[in-house]
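Heads up: the structure comes next, in structure tokens.
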Amino acid sequence: MNNGRLTRRLPQGLITLAAAGVLLWPMVALAVPAAGGNLNLNVSGVIVDTPDCTVNSGEEVDVDFGDRIMIRKLDGVAYQRREIVYDLRCNGLAQPYLSLSIRGETAAFGSGILKTDMQELGIQLFHDDAPLRVGETLNFTYGDSPRLYAVPIAGKPEQLSEGSFKGSGTMVFGYQ
């Protein structure tokens, strides 16, 4: 070591590893003999092919709350509760253990509520009867997809005006 830099006596792979993260330096420094020398690096892993999964045959998942949502009834729990209906189909899964999250912008009120284009109106998501925050991950087994629901919720109902609204999020599926 010269002034905190690695010398040419160390293998190229070790130099790359040390450059990739300063946090690795203490472990590398302890593993190299003071007089220099070589250090073996063993790596292992499992390569899997990307599974062929589709949601709703590639079509968007729509949730329609209809034309008559009464502001005074918005409770964020039951009023206008709609199931988020989606069809997940996968072929060639290496394992059946998947995860799901809904990503998107969050409303300025509440915790993890999906934002809409109407200020003071958001969408509370649910997994069965439990609130599901935007970005929260659900683990599940393929073939037993989580039942999801959407419910409109008002931050300050007295500040809501009549009119149409929309919001969107992205359903993200992955391996556990």
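In the UniProt record's numbering, the protein residues as written are 1 to 176. Cβ coordinates follow ideal geometry from the N, Cα and C atoms, glycine included.
How about Gly122 and Ile102: are their beta carbons less than 9 Å apart? On the sequence shown, residue 122 is found 122 positions in, with the first residue counted as 1. On the sequence shown, residue 102 is found 102 positions in, with the first residue counted as 1. No, the Cβ-Cβ distance between Gly122 and Ile102 is not below 9 Å.
Every unbroken beta strand (DSSP E) inside the UniProt domain "Fimbrial-type adhesion" (43-176) [3 residues or more]: 52-55, 82-84, 88-91, 97-103, 121-127, 130-132, 137-141, 148-154 and 170-175
Nearest by alpha-carbon distance to Ile113: which of Val77, Asn139, Tyr97 and Pro146 is it? Translated into positions along the sequence shown, residue 113 becomes position 113. Among Val77, Asn139, Tyr97 and Pro146, the Cα nearest to that of Ile113 belongs to Val77.
Where does Val85 land, buried or exposed, given buried means 16+ other C-beta within 10 angstroms? To locate residue 85, count along the sequence shown from 1; it is residue 85. Looking at its Cβ environment, which holds fewer than 16 other Cβ atoms inside 10 Å, Val85 is exposed.
Touching by the beta-carbon criterion (3+ pairs, under 8 Å), the segment 127-141 and the segment 52-72: no
Taking the beta carbon of Val134 as the centre, do at least 16 other beta carbons fall within 10 Å, making it buried, or is it exposed? Position 134 of the sequence shown holds residue 134. Result: buried.
How long is the line joining the alpha carbons of Ser164 and Arg72, rounded to whole angstroms? Locating residue 164 in the sequence shown gives position 164, where the first residue counts as 1. Locating residue 72 in the sequence shown gives position 72, where the first residue counts as 1. So the two alpha carbons sit approximately 16 Å from each other.
Closest by C-alpha distance to Ser111, when choosing among Gly169, Leu125, Ser44 and Thr54: Along the sequence shown, read from residue 1 onward, the residue named residue 111 stands at position 111. The option with the nearest alpha carbon to Ser111 is Leu125.
In chain order, what residues of the same chain have a beta carbon less than 6 Å from the beta carbon of Cys53, not counting five sequence neighbours either side? Position 53 of the sequence shown, counting from 1, holds the residue named residue 53. Excluding sequence neighbours, Cys53 sits near Cys90.
Excluding sequence positions up to five away, which residues of its chain have a Cβ less than 7 Å from the Cβ of Lys156? The sequence position of residue 156 within the sequence shown is 156, counting from 1. These residues qualify, in order along the chain: Glu120.
Three-way DSSP call (helix, strand, coil) for Leu24 in this model: As a first step, residue 24 is located in the sequence shown; it is residue number 24 there, counting from the start. No answer about Leu24 holds up, because its pLDDT of 42 lies below 50 and its placement is not dependable.
Contact belief for Leu98 with Tyr175 at Cβ below 8 Å, rounded distance in angstroms: Residue numbering aside, residue 98 sits at position 98 when the sequence shown is read from its first letter. Residue numbering aside, residue 175 sits at position 175 when the sequence shown is read from its first letter. Right, their Cβ atoms sit about 6 Å apart.
Go ahead and label Val151 buried or exposed: buried means 16 or more other beta carbons lie within 10 angstroms of its beta carbon, across all protein chains shown. Counted from its first residue, the sequence shown places residue 151 at position 151. By the neighbour-count rule (16 or more Cβ atoms within 10 Å), Val151 is buried.
Select from Leu39, Val46 and Gly169 the residue whose C-alpha is nearest the C-alpha of Ala107. One-based indexing of the sequence shown puts residue 107 at position 107. The option with the nearest alpha carbon to Ala107 is Gly169.
Taking the alpha-carbon positions, what's the Leu148 to Glu83 distance? As a working note, residue 148 is residue 148 in the sequence shown. As a working note, residue 83 is residue 83 in the sequence shown. For Leu148 and Glu83, the distance between alpha carbons rounds to 6 Å.
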